[in-house]
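There are 4 protein chains.
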Amino acid sequence: MTMATMQQPPRIPETMKAWVLGNPDELRLVDKPVPRPGAAEVLVRIGATAVCGTDLEVISHGEPALIQGGMPFNRNFTPGHEYMGTVVRLGTGVDEFEVGERIAVEIHAGCGRCERCREGMYTACLNYGMNYDGHDKGHRANGFTTDGGFAEYAVNHVNTLVRVPAGMSDEEATLIVTAGTAMYGLDVLGGLIAGQSIVVTGPGPIGLMSIGVAKALGASPVILVGTGQDGRRLDIGRALGADEILTAGRDDVIAAVRRITGGRGVHYVQECSGAPDALNQAARMVSRGGRICLAAFPQEPVQVDVARLVRNNIYVFGIRGEGRSATRRAAALMAQKRFPARLLHTHSFPLAQVPTAIRYARERVEDAIKVVVRM
Amino acid sequence: MTMATMQQPPRIPETMKAWVLGNPDELRLVDKPVPRPGAAEVLVRIGATAVCGTDLEVISHGEPALIQGGMPFNRNFTPGHEYMGTVVRLGTGVDEFEVGERIAVEIHAGCGRCERCREGMYTACLNYGMNYDGHDKGHRANGFTTDGGFAEYAVNHVNTLVRVPAGMSDEEATLIVTAGTAMYGLDVLGGLIAGQSIVVTGPGPIGLMSIGVAKALGASPVILVGTGQDGRRLDIGRALGADEILTAGRDDVIAAVRRITGGRGVHYVQECSGAPDALNQAARMVSRGGRICLAAFPQEPVQVDVARLVRNNIYVFGIRGEGRSATRRAAALMAQKRFPARLLHTHSFPLAQVPTAIRYARERVEDAIKVVVRM
Amino acid sequence: MTMATMQQPPRIPETMKAWVLGNPDELRLVDKPVPRPGAAEVLVRIGATAVCGTDLEVISHGEPALIQGGMPFNRNFTPGHEYMGTVVRLGTGVDEFEVGERIAVEIHAGCGRCERCREGMYTACLNYGMNYDGHDKGHRANGFTTDGGFAEYAVNHVNTLVRVPAGMSDEEATLIVTAGTAMYGLDVLGGLIAGQSIVVTGPGPIGLMSIGVAKALGASPVILVGTGQDGRRLDIGRALGADEILTAGRDDVIAAVRRITGGRGVHYVQECSGAPDALNQAARMVSRGGRICLAAFPQEPVQVDVARLVRNNIYVFGIRGEGRSATRRAAALMAQKRFPARLLHTHSFPLAQVPTAIRYARERVEDAIKVVVRM
Amino acid sequence: MTMATMQQPPRIPETMKAWVLGNPDELRLVDKPVPRPGAAEVLVRIGATAVCGTDLEVISHGEPALIQGGMPFNRNFTPGHEYMGTVVRLGTGVDEFEVGERIAVEIHAGCGRCERCREGMYTACLNYGMNYDGHDKGHRANGFTTDGGFAEYAVNHVNTLVRVPAGMSDEEATLIVTAGTAMYGLDVLGGLIAGQSIVVTGPGPIGLMSIGVAKALGASPVILVGTGQDGRRLDIGRALGADEILTAGRDDVIAAVRRITGGRGVHYVQECSGAPDALNQAARMVSRGGRICLAAFPQEPVQVDVARLVRNNIYVFGIRGEGRSATRRAAALMAQKRFPARLLHTHSFPLAQVPTAIRYARERVEDAIKVVVRM
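Chains as they are written, first to last, in this note's numbering: chain P, 3 to 377; chain U, 3 to 377; chain Z, 3 to 377; chain C, 3 to 377.
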């Protein structure tokens, strides 16, 4: 920090390069004014932005269904929500951070005044998306309802910032928010998982980070369930700490989980696949009184055996994003090098090639997992 | 208590009348030995036993699916789980109760040694049904896995007993465990419901008791949702404290709930209908970050909009029965006459007429709600 | 609300009467500018302000010890934190309330950005008192660190407002925040108190409101402990729902509590007396594993039997004020007329007579309990 | 396990060597019958028993004050509660363990029928010590109220057993229950400590295990406070993961903690010293809204600044032992080799030399930390 403040403060230009949404699936690289931080905000010069599955959804369909009537496509909006960078300017009243500090961001800043925010559930802010014109309640969801990270600069509320330790690469730092979502899932499941068994279904980035975080917290055994297409991802899951790897289609997954746990089923399932039958499968993997966190979902309604949930006293927690300051807890584990998050990073592209980066992520080109855009 | 102990201790016969299961849907009235209480148990002379919807299921299909392979029909088993009576004999080591005290019972006594019991979730006991021969882990579920209340006497673990206050009728006392289930649902929803809004769906006995308990705890508004067939039950819901009554089919229930809550949706839904679309409806009634307790369920898998649960950070709690000592809390409210539970009681029959009592409950003869068998 | 908005909007003057602190114990009535509400704030025309024991402390010693170096006495500061009134002007972005609505206020608005606020514990805001000059983090504690209620107008953050139901007097409405503090204490104690036993020590306003709230929530038995000087207050405690009244000095209080609870001790103690030995007494009243909430305290360090706390697995919760939205829950119970809070109100004085009102409260003149200043 | 069951079952003698209490401070080595396991119990052939500070208290003063009137000294009682061994015989209904398995024990088995046990707080069992004659409620506290581990054999309830992984020495396994107590403390503090700051005061065995467990769970920074006499223990604390070591008397501990945490204070203090001023010191080390766990205590009442606790919304949790199955969670971390618990073990003695072992522990002979008796 001392060194940072001794640095010549960086010159901040008037305009910047940024990708903006046009019509669905239409992204353009434009020049936009560099935004100015307000009270409790900072300006971040972005270093790296990872492509997330939800970005693809936002780019194709707009902000997912939380705002009445949805979000318009033609408002010069910049997507991208998994980013990190350097604080380059402070808004009024900010002394939590200094110019020159490297930070990663979490997505949501709540309004601070609805019932959910007042109880700490700011990812379920009741004023989600209320940040327009005369209706600004202060809610921010970077890259969803407010400008995000496929740009050179972004403004962020101090609540969304977490320090990046020296020695962590920019690419790895973009995974902090991913690990934060994994940690939030474990948090709603109870948090005290040392010595307890968990299944993670779906070896996407959140699933893989769930493996790393669960293992770091002492869960045992940690079981990862993937498919035949997930070869490389399953290997990374092993490296991140999975004790057992099961392949749906090839293994009888339910039977295997029962066998590994002496017939009882696991304490927890963290569902990160979004597969249509995932909730039913999870309900057959947990023990009576067990808990399931849904961090992913199928787009369409699916058949669910509700009777099994009730008869077995199962709790199901839907989560969205990275609440309860879980990102800071996850960042602490990464700073302590508890698991090799960097393994998820497979490709980098410059800012000018965002469409290519997105194509790599969407189509899993060259077995891509985490594709990062460097500024 | 003083008076009770001054009474001549009641003479306990060697045999008793009891209804027992034969083949599915076959009930016979037989003479059976009066059971003897073991350590931590008492013998109860039953005063009244209410017919519950689950009794009908047990009588037709056996114990619901929790025991591997199900429960045999031919073992002279006595159903009935909502009962009250008088303590007439103490097992060894019992000083929590005295001979002569009137008590109601909750259904479950956990094994006390599995992980669930050790954390207080004894209704999700991992040794559910393990009470046979060399495999007795101590679990008891009256009328489900161990002999129940359609008989003159029953043995009960002290953990299942709750005192009945003087002045409460036997019939009302059979509703204590029903209220306990309602209370347990509110407990898993968070418990601190004063000033918070709740919808109860389904005006069966558990739903109606949920109205009474929620109102007693200060929830506001309390909204009851029923159907066109529920006329009398909805009136009773009003008497128990419902601020608003909605009729599915006639009202646009979702829109009405939104209107009543200023567009936000309610804090909690307690689902007691078991209707196929109930979970989806509930998810559209709660606010973002809201909670749904499922106390009933459809027998078959149903279409569920899982995406809505995840996107809105909704938590779903399946419960079975009356855990976490909720029955004692509910009994306390009834002792304080906080709501007129007795309104649910519509019919009484003597022990000899159990089949008639069951028919009244099953077919809602004469608009029956709670049908009670008197000994 | 409809009628309110049809009213001619009230004319708001440029200046107002307000009491301000000079040197310790020096209060002056001055003309001050009417403040203007900022974003997320409203202007309140005050209707009534109750005198609280903490006001006396603030007036004599300044803001209690939370701000490094304390608060200066010479800054034209207006004390008073238990007030109610009418919304007369909205700041930008406010649509939660309308002009014309009657509201009561809770004391604290957190900064919304520290760790405590982000987890919902805004009464323990880590930026407490940070509301000056370049250091404004947004924290507000009415009458402690920002101007309070002994004035004609005050500005309030929307988070601090709770609606006053039609039919509740202004005087009773000033007790909403008192009941909110009582409710917060019960909340940290666990909240699910129906059927559980509680001792409240100290029949001051918070203690008496604790009786009312605990009884409303179904606690049983509810035991009030006072002293020989508390005659009238104990009678009011009885009217508010105390099942048992004990008088320290006359009764052997510990023995009596043990007797009432069959030797076990109570589940909870809510300590509202601030007596030097209160914590030790409480520890001897609770059962093993019981919980004690400290809502009052002796000014000087006292002898504490820490060994008893540890050996008996007792939890002690210090609280300050009315966090976790408890005020709204308490207001809901009062709107439902669950207990006669109005009994606490004993005297009213006009704004010009604040010093007399304070003297009545401080010296318990004419057995004063709650002394209210009317505007 | 397979191999174990293939072994010839060990021959169990009729009598065994055991140390028993006579008058205070009087221990005799006698021949006693080998006890027989009842329902839900096993017989353990003891492998190693560590000396704990509380043993010294039990030997000198009897069971600490929880039983009305205390425990008699003349009942042939065997102390010792930190032990491990091998299952050699199963009571009826036990299939959770097999003959031949190595296990460590936790101290408490609750009665399973009081309110505390029913909510999972079995270390605060309301029937503590009720295990005599006609009053046996089933409570067991090994080495406190029932025979303990300074003997060749002991009977244990299955609830108290936790498996010892292959490759862990007997000596290290005796530390599992110590780590369990440390874990329980972190559990009551909130459990989600990754990235949160903690001070552990007192580098005794529980304090040192708290360092290891806190670090394993990701707490950061982890600060250990000792005294000038604790040189070797502080070094071990460093090896177990302490980020900062402070020495009371030499460092200004409060100031140092404030400096390390940027002025805020730590999230949690785990107090393991029992020093007279420890609670006050802890209250000055935690941030507002912080939490303190008392795992040790001064024998006599001490001066406590209660006002600071209340004004700063501090929660204080007294704990006794190792509840909520924390021992199993701790054992899992030790099985995963997350911290070198074995460093605490400094001396071993054979069963015949229990008095010498106790003297080493009591007088810290040769800087003894954990002294273990081998059978």
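Beta carbons are placed, not taken as given, at the ideal position from N, Cα and C, and that holds for glycine.
If we require 4 or more residues per run, which alpha helix (DSSP H) segments fall completely within the region 30–117 of chain U? 55–63
Where does L226 (chain Z) fall in DSSP's three states? Walking along the third sequence from the start, residue 226 (chain Z) turns up at place 224. L226 (chain Z): strand per DSSP, three-state reduction.
Quick check: is the beta carbon of G320 (chain P) nearer than 7 Å to any beta carbon in chain U? Counted from its first residue, the first sequence places residue 320 (chain P) at position 318. Yes, G320 (chain P) counts as interfacial toward chain U.
Quick check: the region 337–348 of chain U against the region 26–35 of chain U, are there 3 or more CB pairs under 8 Å? no
Going by C-alpha to C-alpha distance, which of P:V255, P:G267, P:D307 and P:R293 sits closest to A280 (chain U)? Start at 1 with the first residue of the second sequence, and residue 280 (chain U) comes out as number 278. Ranking the options by Cα distance to A280 (chain U), first place goes to P:D307.
Leaving out five residues before and five after Y317 (chain U) in sequence, what residues of the same chain have Cβ atoms less than 6 Å from its Cβ? By 1-based counting over the second sequence, the position of residue 317 (chain U) is 315. R293, listed in sequence order.
What residues in its chain sit with their C-beta under 8 Å from that of A241 (chain U), if we drop five residues either side in the sequence? Sequence index remark: in the second sequence, residue 241 (chain U) carries index 239 (1-based). Closer than 8 Å at the Cβ level, and outside the excluded window around A241 (chain U), lie P342 and L345.
How big is the Cα-Cα spacing for T17 (chain C) and F79 (chain C)? The residue labelled residue 17 (chain C) in the question sits at position 15 within the fourth sequence. The residue labelled residue 79 (chain C) in the question sits at position 77 within the fourth sequence. Straight-line Cα distance between these residues: approximately 15 Å.
Using a Cβ-Cβ distance under 7 Å, would F299 (chain U) count as near chain P? Position 297 of the second sequence, counted from the start, is the residue given in the question as residue 299 (chain U). The beta carbon of F299 (chain U) sits closer than 7 Å to some beta carbon of chain P.
Closer than 9 Å at the beta carbon, the chain Z residues around D189 (chain U): Reading the second sequence from its first residue, position 187 is the one you call residue 189 (chain U). Going along chain Z in sequence order, the residues near D189 (chain U) (Cβ under 9 Å) are L194.
Is the Cβ-Cβ distance between R331 (chain C) and A196 (chain P) less than 7 Å? Here residue 331 (chain C) refers to the residue found at position 329 of the fourth sequence. Here residue 196 (chain P) refers to the residue found at position 194 of the first sequence. When the beta-carbon positions are compared, R331 (chain C) and A196 (chain P) come within less than 7 Å of each other.
Which residues of the region 325–342 of chain P have a Cβ closer than 8 Å to any Cβ of chain C? Give them in chain order. R330, R331, A332, A333, A334, L335, A337, Q338 and R340
Kindly indicate which three-state DSSP category A196 (chain Z) falls into: helix, strand or coil? For the purposes of this step, residue 196 (chain Z) is taken as residue 194 along the third sequence, with counting starting at 1. The three-state reading of DSSP puts A196 (chain Z) in coil, since its state is none of H, G, I, E or B.
Any Cβ of chain U within less than 7 Å of the Cβ of D307 (chain P)? Here residue 307 (chain P) corresponds to residue number 305 of the first sequence, with the count starting at 1. Yes - at least one Cβ of chain U is within 7 Å of the one on D307 (chain P).
Applying the criterion that 16 or more other CB atoms from any shown protein chain within 10 Å of the CB defines a buried residue, is G55 (chain U) buried or exposed? Residue 55 (chain U) sits at position 53 when you count from the first residue of the second sequence. With fewer than 16 Cβ atoms within 10 Å of its Cβ, G55 (chain U) is classed as exposed.
Among U:A153, U:E273 and U:A143, which one has its Cα closest to the Cα of I48 (chain U)? Mapped onto the second sequence, residue 48 (chain U) falls at position 46. That would be U:A153, whose Cα lies nearest to the Cα of I48 (chain U).
Which of the three DSSP states is assigned to P207 (chain P) in this structure? Taking the first residue of the first sequence as position 1, residue 207 (chain P) is located at position 205. Three-state DSSP puts P207 (chain P) in a helix.
What residue from C:V53, C:V46 and C:G187 has the CA that sits closest to R366 (chain C)'s CA? Within the fourth sequence, the letter at position 364 stands for residue 366 (chain C). The shortest Cα separation from R366 (chain C) among C:V53, C:V46 and C:G187 belongs to C:V53.
Using a Cβ-Cβ distance under 7 Å, would A126 (chain Z) count as near chain C? Against the third sequence, residue 126 (chain Z) aligns to sequence position 124. Taking a beta-carbon distance threshold of 7 Å, A126 (chain Z) counts as an interface residue toward chain C.
Quick check on this structure: which residue in U:T180, U:Q231 and U:A168 has the alpha carbon closest to the alpha carbon of A297 (chain U)? Your numbering for residue 297 (chain U) matches position 295 in the second sequence. If we check each option's Cα against that of A297 (chain U), U:T180 comes out closest.
Give me whichever residues DSSP pairs with I371 (chain P) in a beta bridge. For the purposes of this step, residue 371 (chain P) is taken as the residue at position 369 of the first sequence. Partner(s): none; I371 (chain P) has no beta bridge.
Would you say V288 (chain U) and V304 (chain U) are within 7 Å of each other, going by their C-beta atoms? Counting from 1 along the second sequence, the entry for residue 288 (chain U) is found at position 286. Counting from 1 along the second sequence, the entry for residue 304 (chain U) is found at position 302. In this structure, V304 (chain U) does not lie closer than 7 Å to V288 (chain U) by Cβ.
Buried or exposed: which applies to Q231 (chain P), given that a residue is buried once 16 or more other Cβ atoms fall within 10 Å of its Cβ? Start at 1 with the first residue of the first sequence, and residue 231 (chain P) comes out as number 229. The residue is exposed, with fewer than 16 neighbouring Cβ atoms inside 10 Å.
Counting only Cβ pairs nearer than 8 Å, list the residues of chain U close to S350 (chain Z). As a first step, residue 350 (chain Z) must be located in the third sequence, where it is residue number 348. Ordered by position in chain U, no residue passes the 8 Å Cβ test against S350 (chain Z), which lies about 28 Å from the chain.
Listed by chain order, chain U residues near E117 (chain C) by CB distance under 8 Å: Here residue 117 (chain C) refers to the residue found at position 115 when the fourth sequence is read from its first residue. Going along chain U in sequence order, the residues near E117 (chain C) (Cβ under 8 Å) are S327.
Who does H137 (chain P) pair with in a DSSP beta bridge? The residue labelled residue 137 (chain P) in the question sits at position 135 within the first sequence. For H137 (chain P), no pairing in a beta bridge is given by DSSP.
Which residues of the region 282–298 of chain C have a Cβ closer than 8 Å to any Cβ of chain Z? Give them in chain order. N282, S289, R290, G291, L296, A297 and A298
Tell me where the alpha helix (DSSP H) around M18 (chain C) begins and ends. Position 16 of the fourth sequence, counting from 1, holds the residue named residue 18 (chain C). Counting along the chain, M18 (chain C) falls outside any alpha helix (DSSP H), though it belongs to the beta strand (DSSP E) covering T17 to L23.
Of all the options C:E173, C:R260 and C:F319, which has the alpha carbon lying nearest to the alpha carbon of L191 (chain C)? In the fourth sequence, counting from the first residue as 1, residue 191 (chain C) sits at position 189. It is C:F319 whose Cα lies nearest to the Cα of L191 (chain C).
Using 8 Å as the Cβ pair cut-off and three pairs as the minimum, do the region 171–178 of chain U and the region 249–267 of chain U touch? no
Enumerate in chain order the residues of its own chain whose CB-to-CB distance from R266 (chain Z) is below 8 Å, with the five nearest sequence positions on each side excluded. By 1-based counting over the third sequence, the position of residue 266 (chain Z) is 264. So the list reads R260 and S289, once near-sequence residues are dropped.
Give the residues of chain Z in contact with S222 (chain U), contact being defined as C-beta atoms less than 7 Å apart. Translated into the one-based positions of the second sequence, residue 222 (chain U) becomes position 220. Here the neighbours are A334 and Q338.
Apply the 10 Å Cβ neighbour rule to P15 (chain C) and answer buried if 16 or more other Cβ atoms are within range, or exposed otherwise. By 1-based counting over the fourth sequence, the position of residue 15 (chain C) is 13. P15 (chain C) should be labelled exposed.
Within 7 Å (strictly less), CB to CB, does G197 (chain U) reach chain Z? Position 195 of the second sequence holds residue 197 (chain U). Output row for G197 (chain U): interface = yes.
Proximal residues, the region 252–279 of chain C versus chain Z, C-beta separation under 7 Å: Cβ contacts with chain Z: R266.
Between P:S275, P:W21 and P:A42, which has its C-alpha nearest V32 (chain P)'s C-alpha? Walking along the first sequence from the start, residue 32 (chain P) turns up at place 30. It is P:W21 whose Cα lies nearest to the Cα of V32 (chain P).
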